[in-house]
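Engineer: What follows is a single structure, and I will ask about it in a moment.
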Amino acid sequence: TGGPGEVLLLAPRFYQIEFAWEALCRPSRKLRVGDVIHAAIGELDFEMARDLGEGRWLVVPRVDNTPVKGDDLLRALEVSGEMPLPPYISHRLDDGSRYQTMFAKRPASAAAPTAGLHFTERVVDSLRSAGAELRSVELVVGLDTFRPLTTETVEDHQIHTEWYRVPEQTWAAITETRSNGNRVIAVGTTSVRALESAAATGELSGDTALFIHPGYEFRVVDLILTNFHMPRTSLLAMIEAFVGSRWKDLYQSAIERRYRFLSFGDAMLLRHEPAAQTGVGKPGSSEGPSI
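Quick note: the sequence shown uses this note's numbering, first residue 689, plus one each step.
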């Protein structure tokens, strides 16, 4: 009755209000606590529970006026929801799996880790046949990954926090790989942030606010497979930290060759050549690298 609205679920906040999620809601300025946004299809709706500012709210998902979470919420979203897409993708996808990597296991991220979109079962089989060992990490991509840098200096930018997890088997494989003189290739900037966060904090899982920008000394990653990113973003700051100012030449070459940018674009394999690099070891232990 109040006009069209939109709710983009970001993360559960059950510790603040039972059943509540943090969400980006529009039109935020017209919303008030207690208002309800109804899905166009199905029985799902969202009650506005708390205004967090900047368009963000705590919302309580409901079906038939009953709060829901877990599998009940997922089933309702399958009926009533749509896959969130980056703001630069203006059209709907006929097949939502096009914006889902083959590695995805559970819904959590506000955006896909798009470097993984280049992988198929055939590609993975070929890599393994060539002797590559593939291991998984997890990082819940936040909406702020699209936020541009607005500060005068890169260092003053307040980076967003994201949750990550590096399985113990993955960390053990990385340690063995480095000790054997082999290289660690990260697929995507999200994987880089997860691995470097584990090395920097000594924790294999948790929330990370690690901001990788020029001057950062990489502890884990030797090569990055990544897409071409927008200017003045934290993602491009990471790329400059990894390869230096030559990223400008790489991007210019990509433009001249009409490579595609962003989520459904082409990828590049970047090599980092630090002055010195040692084995990784266990996070927080004396076996870690000297920096």
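Where is the CB? At the ideal position from N, CA and C, for every residue including glycine.
Quick check: what's the CA-CA separation for S922 versus E856?
Structural biologist: Approximately 28 Å between the Cα atoms of the pair.
Engineer: List the DSSP bridge partners of D937.
Structural biologist: D937 is not bridged to any residue.
Engineer: Mind checking which residues open and close the alpha helix (DSSP H) that includes L822?
Structural biologist: No alpha helix (DSSP H) holds L822; DSSP gives it neither H nor E.
Engineer: Got a sec? Which residues, its chain only, sit under 8 Å from E735 by beta carbon, not counting five neighbours each side?
Structural biologist: Correct list, in chain order: G722, D723, V724, V747, V748, R750.
Engineer: Roughly how many angstroms lie between the CA atoms of L883 and D844, to the nearest whole one?
Structural biologist: For L883 and D844, the distance between alpha carbons rounds to 23 Å.
Engineer: Consult DSSP for Q704 and reduce its assignment to one of helix, strand or coil.
Structural biologist: Here Q704 sits in coil by DSSP.
Engineer: Would you mind working out which of S824, E840, R835, T863 sits nearest V854, comparing C-alpha positions?
Structural biologist: That would be S824, whose Cα lies nearest to the Cα of V854.
Engineer: Could you say if the region 900–907 and the region 866–874 meet the contact criterion of at least three C-beta pairs nearer than 8 Å?
Structural biologist: The region 900–907, when compared against the region 866–874, does not touch it at the 8 Å Cβ threshold.
Engineer: Helix, strand or coil: how does DSSP classify L732 here?
Structural biologist: Three-state result, L732: strand.
Engineer: Whose CA, out of A886, D760, E840, lies closest to the CA of A860?
Structural biologist: It is A886.
Engineer: According to DSSP, is I873 helix, strand or coil?
Structural biologist: DSSP places I873 in strand when its eight states are reduced to three.
Engineer: With distance defined between alpha-carbon atoms, name the residue in G890, D733, R738, M771 nearest to V756.
Structural biologist: Per the Cα distances, D733.
Engineer: Is the separation between the beta-carbon of G699 and that of W745 shorter than 8 Å?
Structural biologist: Looking at the sequence itself, residue 699 is Ala, so the reference to Gly does not match. Contact flag unset, no.
Engineer: Taking 8 Å as the cut-off, decide whether the C-beta atoms of H960 and F906 are in contact.
Structural biologist: The answer is yes: Cβ separation under 8 Å.
Engineer: Pull up the distance between the alpha-carbon of A820 and that of V909, whole angstroms please.
Structural biologist: Answer to the nearest angstrom: the Cα atoms are 15 Å apart.
Engineer: Which same chain residues end up closer than 6 Å to A727 when comparing Cβ atoms and leaving out the 5 residues on each side of it in sequence?
Structural biologist: Cβ within range, chain order: S768.
Engineer: Specify, as a first and last residue, the run of the beta strand (DSSP E) that D895 falls within.
Structural biologist: Element bounds for D895: 893–896.
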